[in-house]
Amino acid sequence: MPTKSFLPGLILVFCAVASLCSVAAERRAAAQSNSASTTLIETASRQYGNGQLEQAAATLERALHIQPNNPATLHYLGVLRLQQGQYQQAETLATRSNMRVGRNVELRNRNFQLIQTAQQAQSSGIPPSAKADQVAVQKRLEVETQRLSEAEMGVAEQSTQDTGRDAGNFARATADQVLDSSTVGRPRPEGKSQMASVEPGPAYDEVEIPRGHLPPPGKCRIWFPDRPPGHQPAPGKCKKLRKRVPSGAYLVHG
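The opening residue of the sequence shown carries number 340 in this note's numbering; numbering runs sequentially from there.
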């Protein structure tokens, strides 16, 4: 019955919609996570600039709870721990940062420098001078905040574009499968072949072609609807012909 043939397609539509909603929710959660982390790093930058090392370190700890594998946050927290005299923890944080730094050579080198400084301070018992590096660290924190803000905006824009594109893909795929499920078991009329137009306009799912002019299985043929069958181009490889279909013509699949 028609109702039974439509049921699998309708179920697929509902599953696709549920999946799309889940993907959109994950992207919103990721965007919110990035936003919260950016806000905390910005706060830590201000606190560090005001000489509030304890507060800045606590703020960066909160940022790590949100994004525990952020290499920049790990590095800056390591710098603060070094200035607080916690040399072993500074070395550990720099090592963790280097494990996740990827291709950021500049950050990797700063981590190596942080590890070396922490080891020297731990072995000599002489704390490193924080004054010389404080301005540089402050500037790097500000740059990192700006970078995260720009990245956050880019993620939000890309998420919107991806969601719209995914919605269109889901809609097309599910609509095709609903139509397919409604025609399961129905033989295709003899002498007809699926055709695809290369430009918008009236879309024809099936166009009558004389039996002797259908392309062989696995081949394709460019078909001009305004030409008689004997004046149509010869069949060929689908991949090759797909790039050569002129305006107003159709690509016939064998």
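For glycine and all other residues, C-beta sits at the position ideal for the given N, C-alpha and C.
Burial state of residue i, where buried means 16 or more other Cβ atoms lie within 10 Å
i: S376; result: buried
i: H414; result: buried
i: G551; result: exposed
i: E445; result: exposed
i: Q455; result: exposed
i: Q452; result: exposed
i: G424; result: exposed
i: V523; result: At V523 the pLDDT is 44, less than 50, meaning the model places this residue with poor confidence; the figure from the coordinates comes in the next sentence. V523 should be labelled exposed.
i: R525; result: Legend: pLDDT at R525 = 46, less than 50; position of this residue unreliable, value from coordinates given subsequently. The residue is exposed, with fewer than 16 neighbouring Cβ atoms inside 10 Å.
i: S384; result: buried
i: N437; result: buried
i: Q386; result: buried
i: A368; result: In this prediction, A368 scores a pLDDT of 49, lower than 50, which makes its location untrustworthy; the coordinate-derived value is nonetheless stated afterwards. Looking at its Cβ environment, which holds fewer than 16 other Cβ atoms inside 10 Å, A368 is exposed.
i: A471; result: Any reading at A471 must be qualified, since the residue scores a pLDDT of 44, below 50, and its modelled position is unreliable; no value is offered.
i: G507; result: Low confidence applies here, because G507 scores a pLDDT of 49, under 50, leaving its location unreliable and the question unanswered by this model.
i: L518; result: Summary for L518: the model assigns pLDDT 43, below 50, so the residue's position carries little reliability; its value from the coordinates is reported in the next sentence. Its Cβ having fewer than 16 others within 10 Å, L518 is exposed.
i: Q406; result: buried
Residue i vs residue j beta-carbon contact at 9 Å
i: T434; j: N450; result: yes
i: Q461; j: Q427; result: yes
i: T412; j: L392; result: no
i: I561; j: V584; result: yes
i: L432; j: A402; result: no
i: G417; j: E430; result: yes
Range covered by the alpha helix (DSSP H) that runs through residue i
i: I405; result: L392 to I405
i: R420; result: P410 to Q422
i: R449; result: V444 to S463
i: R435; result: Y426 to M438
i: L580; result: C577 to L580
Beta-carbon separation (whole angstroms), residue i vs residue j, contact threshold 8 Å
i: P574; j: P555; result: 6 Å
i: K419; j: A395; result: The question names Lys, but residue 419 in the sequence shown is Leu. With a Cβ gap of about 6 Å, L419 and A395 count as contacting.
i: C559; j: G587; result: No, C559 and G587 are not in contact; Cβ-Cβ is about 17 Å, not under 8 Å.
i: Y589; j: P564; result: 7 Å
Any non-hydrogen atom of the ligand MN closer than 8 Å to residue i Cβ
i: R385; result: Judged by which ligands are present, the structure shown has none, so any question about the ligand MN falls away.
Enclosing beta strand (DSSP E) for residue i [first to last residue]
i: L590; result: Y589 to H592
i: R560; result: C559 to W562
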